[in-house]
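Visitor: Take this structure first; my questions come after.
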Amino acid sequence: MSEISRRHMLTTGAMGAAGFATAMTAQTAQANTQKPPEPQTSVKPNGRFAGKVVLITGATSGIGEATARAFAAEGATVHFCGRRQTLGEQVAQSMRDSGGKATYQRADVRSEADVKAFVQGCVEQHGRLDIAFNNAGIFMTPAEIQDIPLANFIDIMTTNTVGEFLCMKYEIPPMRRQGGGNIINMASVAGHVGFRTTAHYNASKHGILGLTKAAAQENADHNIRINSISPLAVDTPQLRESFAFQGITYEQAVQGFVTKRIMTPHEIAAAVMFLAFNQATSMTGMDLDVTGGQLAG
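This is the structure in structure tokens:
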């Protein structure tokens, strides 16, 4: 197998909220001495995002939850959603128990009424909206184009692409009224390349890149920065389940990555916070490559 095909072969499992595992070999993974950063657990009331109101979709687990906790640890007030209400309320309570400021509101990003109510709820409860991380997304069973059910294609496009469109549609007006804001959209390495059996996912993530660029152009003179991030595989329960489904180990899966490891949700949270911080003032309309060098080759 060539180096290009080895890197770019997809696993056939879940991609979770972002990214995916690429190329597998039967070789033993080389040790990677570079360790990911540990998540910050203590809350800093005067942290980098003190006084900021942050809205996050799909934050009941995985990348969204890690990002919500990271913002709260830096002093932000976090208003987040997800479809699993009991879990969402538990996550919010856990964040408050740790000293953070967090509220949960159930919302399904496929529903315009839900998204509108979610954004309005944030502004009504907290008085403003400074930062939005549009993270919610899904993956579908891999299949070649001729075998993808139309319902599956529509569902993934509605959740991943239309969902982020709806979020921006309702996030932008309050940000314009208050004189500025910051939006980060979840894209994926799948938005930069095409892969066999994932045309539906590829299409949804390519669309997010276009939406982000257009929205950034429309809002640059309103002091609203809009960017996206593109992770590779992220170590979430869904990804681990996909490995088990395929009968492969973590060590086999990471052979497809130049880093020989899978990124953690906390690393993605750090990338989101980098784009959200007020010192990145000239960065808008761009996609931040968070692939550990995978797209460099």
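Each residue of the sequence shown is one higher than the one before, starting from 6 at the first, in our numbering. Yeah, the Cβ is synthetic: ideal placement off N, Cα and C, and Gly gets one too. Quick caveat, the model's predicted, so the values are computed rather than measured.
Give me, in chain order, the residues of the same chain whose beta-carbon lies closer than 7 Å to that of Phe282; leave out the 5 immediate sequence neighbours on both sides.
Guide: Correct list, in chain order: Arg53.
Visitor: Please report the straight-line C-alpha distance between Ala249 and Asn51, rounded to a whole angstrom.
Guide: Straight-line Cα distance between these residues: approximately 43 Å.
Visitor: In the DSSP output, which residue or residues are listed as bridge partners for Gly186?
Guide: Answer is Ile229, bridged to Gly186.
Visitor: Measuring only the C-alpha atoms, how far is Glu117 from Gln151?
Guide: Cα to Cα, the separation comes out at about 30 Å.
Visitor: Across which residues does DSSP place Met139 in a beta bridge pair?
Guide: The sequence as given places Asn at residue 139; Met does not occur at that position. Looking at the DSSP assignment, Asn139 forms a beta bridge with Asn190.
Visitor: For Thr289, count neighbouring C-beta atoms within 10 Å of its own C-beta (all shown protein chains included) and say buried if the count is 16 or more, exposed if not.
Guide: By the 10 Å Cβ count, Thr289 comes out buried.
Visitor: Following the continuous alpha helix (DSSP H) through His205, name the residue where it begins and the one where it ends.
Guide: Start and end: 204–224.
Visitor: Mind checking if Val194 is an interface residue toward chain D, Cβ cutoff 7 Å exclusive?
Guide: Checking the listed chains, one finds no chain D in this structure; it contains a single protein chain.
Visitor: Name, in chain order, the residues that DSSP records as bridge partners for Thr82.
Guide: DSSP lists Val58, Lys106 as partners of Thr82.
Visitor: Round the Cβ separation of Thr163 and Arg115 to the nearest angstrom and send it over; I've been treating them as touching at under 8 Å.
Guide: With a Cβ gap of about 5 Å, Thr163 and Arg115 count as contacting.
Visitor: Terminal residues of the continuous alpha helix (DSSP H) containing Leu155?
Guide: Run containing Leu155: 155–162, per the alpha helix (DSSP H) assignment.
Visitor: Assess, as a yes-or-no matter, whether the stretch 271–280 is touched by the stretch 232–245 under the definition of 3 or more beta carbon pairs within less than 8 Å.
Guide: Because the criterion of three Cβ pairs below 8 Å is met, the stretch 232–245 and the stretch 271–280 touch.
Visitor: Would you tell me roughly how many angstroms separate the C-alpha atoms of Gly254 and Ala75, rounded to the nearest one?
Guide: Looking at the sequence provided, one finds Thr at residue 254 rather than Gly. In a straight line, the C-alpha of Thr254 is about 29 Å away from that of Ala75.
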